[in-house]
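Peer 1: This is the structure I want to talk about, given as C-alpha cells.
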Amino acid sequence: MADSERLSAPGCWTTCTNFWRTPKGILLFAEIILCLVILICFSTSTSAYSSLSVVEMILAAVFFVIYMCDLHTKIQIINWPWSDFFRTLIAAILYLITSIVVLVERGNPSKIVAGVLGLIATCLFGFDAYVTFPLRQQRHSAAPTDPADGPV
C-alpha cells in the first residue's frame, strides 16, 4: 500500500494498526505465534497432532483480521464475543488433552517441547476465554431507588 493511499484512508489504517496495541490484539498475535511454534515442533517429530495447531492458528488469524478491520461491528449476523469465547475455550480444552497425551507418550525432545508449549497454550487460550467471556464484560448499573412514600 502506497503512502498516498494510506493517507487517503486514515480511518481504516489507524483502525487496523491501533488493534495491535490492544490487549485482545496482543493475545491473538501471541496465540498465532504460539500455534506456529507448536506446529513446527509437532512437524519435526510426528504429524499426528499438528492439525490442532493448524486449525487454531487459522481461526486465531481469522479473528485477528475480523477485529483488526473492525468487521465485527459490520457483520451483525454472528455474535462475535460468544464465538470468540467458544473458540478459545475449546482450544484450551483440546490443547490440554493433546498436551497430556503427548507428554505421557514420551517421544523425542521436540515432541516433549511441543507438549510443554501446548500446556502454555492452554493457559493462554484459557486466559483469553476468561477475558472475552461476554457476561463478564456487561456492566450493570445500580437500579434507581425511590424513597418511600414520604418522610417517616
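Count the sequence shown with the working numbering and you get residues 12 to 163, in order.
Where a beta carbon is used, it is the ideal one built from N, C-alpha and C, also for glycine.
All values derive from a computational prediction rather than experimental measurement.
1. Write down the C-beta distance between Phe96 and Phe144 rounded to the nearest angstrom, noting that I regard them as a contact closer than 8 Å.
2. My output table needs one value for Thr33: the three-state DSSP class, helix, strand or coil.
3. Measuring only the C-alpha atoms, how far is Val66 from Ala140?
4. Does the distance from the CB of Val142 to the CB of Gly126 come in under 8 Å?
5. At the level of alpha carbons, what is the spacing between Phe40 and Arg32?
6. Is there contact between the region 74-94 and the region 103-118, where contact requires at least three CB pairs shorter than 8 Å?
7. Along the chain, where does the alpha helix (DSSP H) containing Tyr141 start, and where does it finish?
8. Tell me which residues share the same chain as Phe138 and place their Cβ nearer than 8 Å to its Cβ, disregarding the 5 neighbours each side in the sequence.
9. In three-state terms, what does DSSP make of Leu82?
10. Buried or exposed, going by whether 16 or more other CB atoms sit within 10 Å of the CB of Ser19?
11. Rounded to whole angstroms, what is the Cα-Cα separation between Phe75 and Gly36?
12. Can you list, in chain order, the residues of its chain with a C-beta nearer than 7 Å to that of Ile9? Leave out the 5 residues immediately preceding and following it.
13. Give the DSSP-derived three-state secondary structure of Tyr60 in the structure shown.
14. Between which two residues does the alpha helix (DSSP H) holding Arg117 run?
15. If we count the other Cβ atoms within 10 Å of its Cβ and call it buried at 16 or more, is Lys85 buried or exposed?
Peer 2: A quick look at the data gives this:
1. 6 Å
2. coil
3. 17 Å
4. no
5. 10 Å
6. no
7. Pro120 to Thr143
8. Leu38
9. coil
10. Reliability fails at Ser19, whose pLDDT of 49 lies under 50, so the model's placement of it is uncertain and no value is given.
11. 7 Å
12. The structure shown does not extend to residue 9, since the chain is modelled only from 12 to 163, so the question has no answer here.
13. coil
14. Premise fails: Arg117 is in no alpha helix (DSSP H) and is neither H nor E.
15. exposed
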